[in-house]
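These notes concern the structure reproduced below.
There are 2 protein chains.
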Amino acid sequence: MTLNVTAALCIIGNEILSGRTQDRNIAFLGNGLNEIGIQLLEVRIVPDIRDEIVDAVNALRARYDYVFTTGGIGPTHDDITPESIAAAFGTEWHYHPESFRRMAAWYDGRGQEFTEARKRMTITPVGAELVDNTVSIAPGFRMDNVFVFAGVPQIMRSMFEAAKPSLRRGTVIHSRSLSTHLAEGVLAEGLGAVQQRFPELDLGSYPFYNTEKGTGVALVVRGADRGRIDAAAAEIFTFVEELGGEVIEDNAN
Amino acid sequence: MTLNVTAALCIIGNEILSGRTQDRNIAFLGNGLNEIGIQLLEVRIVPDIRDEIVDAVNALRARYDYVFTTGGIGPTHDDITPESIAAAFGTEWHYHPESFRRMAAWYDGRGQEFTEARKRMTITPVGAELVDNTVSIAPGFRMDNVFVFAGVPQIMRSMFEAAKPSLRRGTVIHSRSLSTHLAEGVLAEGLGAVQQRFPELDLGSYPFYNTEKGTGVALVVRGADRGRIDAAAAEIFTFVEELGGEVIEDNAN
């Protein structure tokens, strides 16, 4: 029996939409959730506009077990995520007392001023729980099933590690990826036949062009049962060879 | 006077959600649209499930001037984007006659069979116009304000170049990015003051950690008027220096 636990990611980031910053959080979170049996089923990237954040978070939190947001929790005027999450939940926000205490001590210990801007980093909706940040102290937080993380990848990862023990784990989806230089159009029929014989698995076909391994296709088999994945992979090996090709790479995880 | 032209991107891709594949299309499209005065305002990444694609495309095409989809237009069983776009528009799909002719000639010229799987690559909703692909022949298509592109970055880029002349252009948003080693909490007050004096510009603050330029913050000024951007940048230079810092990098585009 498989237990599905689902998640969505909401990236709050003008800098991702404008193309200035290359996203590095989606693949990390997709992999990180996979490892603990949670499936990332949707990502939305929205601008730093309160109503956009509210609408996206409310749509996603109603639909998935968990929502992770990244971005917009710093000290500057464009960091509006905490207030927006409070608005999404229809609650007030405050300077979270424990966060405020930690941050005040941190700046005090460095002889730096705990400015009004820095106090903004302690804002959470009333009722939120903190999520620790071992990189740069200012915490993220959790409100119900919504986790609010920083956008900077190193900090996001630290917050994800801190949040992990509190996440409900589902059935881990394993995968095996077989690459070949054959064309997708040549492989399609055989692949479709394997998919029909293994309806509980998810077979995907991903062409690659002029990469370090040349041009070809990665055939990816995903599912909960490693035995079934290996059985499907064996059939793929067979039909690739029957087509006169070979499997040039075979990765499992 | 500025002319806003808006766009959204819908990525159809289990392989992006699972973390197997690092996205390389968002930043490319964000930049490419920016250059012709179109603002990318939303991205959604959905799995290869028909109803998910239909819902996302219908939500986005009602809201933005253009929608671009990537992924799911190949020959294999998991390539369901063209049929899903037809369903989103409530129209039938067919083997597009011109696409069919091109593809048949392509395989004929190579002495390869134009298999049933390969014929799938000519599927479009009835009424769609083709978008050329100079990399691997199989075309993308346009249906009303929705452009359907491949997910492989090289092919997506070829299709975007082909589609570009048909896109309505808006006011180009320029930007200037000033980096400093000062902390965001130190910069926030001055940055907020500049934002208030330049309400028509969009000022963003993006921390970076342990990168090739060290740790610090990129202050990004965006707007339609280069003169105003430069005036705001001059104020940023001044307050960064007043705070005892320096601008270590200054990029305009």
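Read top to bottom, the protein sequences are chains L and H.
Numbered per the numbering used here, the first sequence spans residues 12 to 264.
Numbered per the numbering used here, the second sequence spans residues 12 to 264.
We put the beta carbon where it would ideally sit given N, CA and C, even for glycine.
Predicted model only: the values in this text are computed from it and were never measured.
Would you mind giving the Cβ-Cβ distance between residue 24 of chain H and residue 41 of chain L, rounded to the nearest angstrom? I have them listed as a contact below 8 Å. Rounded, the Cβ-Cβ distance is 10 Å, inconsistent with contact.
Answer with yes or no whether the minimum CB distance from residue 84 of chain H to chain L is below 8 Å. By this cut-off, residue 84 of chain H is not an interface position.
Taking only beta-carbon positions, decide if residue 88 of chain L is within less than 8 Å of chain H. Judged by the 8 Å Cβ criterion, residue 88 of chain L is in contact with chain H.
Taking 8 Å as the threshold (C-beta atoms), are residue 59 of chain H and residue 287 of chain H in contact? Outside the displayed range of chain H (12 to 264) lies residue 287 of chain H, so it cannot be described from this structure.
Considering only their Cβ atoms, is the gap separating residue 152 of chain H from residue 142 of chain H smaller than 8 Å? Taking 8 Å as the Cβ cut-off, residue 142 of chain H and residue 152 of chain H qualify as a contacting pair.
Residue environment, residue 260 of chain H, which counts as buried when at least 16 other CB atoms sit within 10 Å: That one is exposed.
Against chain L, which members of the region 170-195 of chain H pass a CB distance test of less than 9 Å? When CB distances to chain L are screened at a threshold of 9 Å, the residues of the region 170-195 of chain H falling below it are 184, 186, 188, 194, 195, in chain order.
Name the residues in the region 55-74 of chain H whose C-beta lies less than 7 Å from a C-beta of chain L; which are they? Using a CB distance below 7 Å, the part of the region 55-74 of chain H facing chain L consists of 55, 56, 57, 58, ordered along the chain.
Tell me where the alpha helix (DSSP H) around residue 25 of chain H begins and ends. Residue 25 of chain H -> alpha helix (DSSP H) spans 25-28.
Of all Cβ atoms in chain H, is any one closer than 8 Å to the Cβ of residue 220 of chain L? Using a CB distance cut-off of 8 Å, residue 220 of chain L counts as an interface residue toward chain H.
Starting from the Cα of residue 232 of chain H, find the closest Cα among H:212, H:223, H:238 and give me that residue. Per the Cα distances, H:212.
In angstroms with no decimal places, state the Cα-to-Cα distance between residue 158 of chain H and residue 80 of chain H. Those two C-alpha atoms are separated by around 6 Å.
CB contact flag (residue 65 of chain L, residue 181 of chain L, <8 Å): In this structure, residue 181 of chain L does not lie closer than 8 Å to residue 65 of chain L by Cβ.
Find the residues of chain H that neighbour residue 200 of chain L, judging by a C-beta separation of less than 8 Å, and give them in chain order. Think of a sphere of 8 Å around the beta carbon of residue 200 of chain L: the chain H residues whose beta carbon falls inside it are 126, 127, 128, in chain order.
Indicate whether residue 227 of chain H and residue 249 of chain H have their beta-carbon atoms separated by less than 8 Å. No; because the gap between Cβ atoms is not below 8 Å, this pair is not in contact.
Sort out for me which residues DSSP pairs residue 217 of chain H with in a bridge. Per DSSP, H:229.
Coil, strand or helix - residue 136 of chain H by DSSP: Residue state, collapsed to three classes: strand.
For residue 195 of chain L, which three-state DSSP category applies? If DSSP states are grouped into helix, strand and coil, residue 195 of chain L belongs with the helices.
Give the secondary structure of residue 260 of chain H by DSSP, where H, G and I count as helix, E and B as strand, and everything else as coil. If DSSP states are grouped into helix, strand and coil, residue 260 of chain H belongs with the strands.
CB contact check: residue 77 of chain H to chain L, cutoff 8 Å: No - not a single Cβ of chain L is within 8 Å of the one on residue 77 of chain H.
Within 8 Å, strictly: CB atoms of residue 128 of chain L and residue 86 of chain L: Yes. Within cutoff.
Nearest to residue 84 of chain H by alpha carbon, out of H:160, H:253, H:210? Ranking the options by Cα distance to residue 84 of chain H, first place goes to H:160.
Find the residues of chain L that neighbour residue 42 of chain H, judging by a C-beta separation of less than 7 Å, and give them in chain order. Under the 7 Å cutoff, chain L gives 30.
Can you list the residues of chain H that residue 51 of chain L reaches, using a CB-CB cut of under 8 Å? Ordered by position in chain H, the residues that pass the 8 Å Cβ test against residue 51 of chain L are 28, 29, 30.
Residue-level contact to chain L via CB, residue 47 of chain H, 8 Å cutoff: By this cut-off, residue 47 of chain H is not an interface position.
Straight-line gap, residue 71 of chain L to residue 215 of chain H (C-alpha atoms, nearest Å): Roughly 26 Å separates the two Cα atoms.
Identify the continuous alpha helix (DSSP H) that holds residue 165 of chain H and give its terminal residues. It spans 164-174 - the alpha helix (DSSP H) in which residue 165 of chain H sits, taken as one unbroken run.
Might you give, ordered along the chain, the residues of its own chain that have their beta carbon closer than 6 Å to the beta carbon of residue 132 of chain L, omitting 5 neighbours on each side? Here the set comprises 86, 149.
Range covered by the alpha helix (DSSP H) that runs through residue 53 of chain L: Element bounds for residue 53 of chain L: not the alpha helix (DSSP H) but the beta strand (DSSP E), 49-57.
Would residue 256 of chain L pass as an interface residue toward chain H - the criterion being a Cβ-Cβ separation below 8 Å? No, residue 256 of chain L does not count as interfacial toward chain H.
Buried/exposed call for residue 206 of chain H, threshold 16 Cβ in 10 Å: Buried, because 16 or more other Cβ atoms sit within 10 Å of the Cβ of residue 206 of chain H.
To the nearest angstrom, how far is it from the Cα of residue 74 of chain H to the Cα of residue 21 of chain H? The C-alpha of residue 74 of chain H lies about 13 Å from the C-alpha of residue 21 of chain H.
What does the alpha-carbon distance come out to for the pair residue 49 of chain L and residue 241 of chain L? Roughly 22 Å separates the two Cα atoms.
Taking the continuous alpha helix (DSSP H) assigned at residue 80 of chain H, which residues delimit it? Not the alpha helix (DSSP H): residue 80 of chain H falls in the beta strand (DSSP E), residues 77-81.
Tell me whether residue 245 of chain H is buried or exposed, calling it buried when 16 or more other Cβ atoms sit within 10 Å of its Cβ. So residue 245 of chain H counts as exposed.
Start and end residues, beta strand (DSSP E) containing residue 158 of chain H: Per DSSP, residue 158 of chain H belongs to the beta strand (DSSP E) from 157-160.
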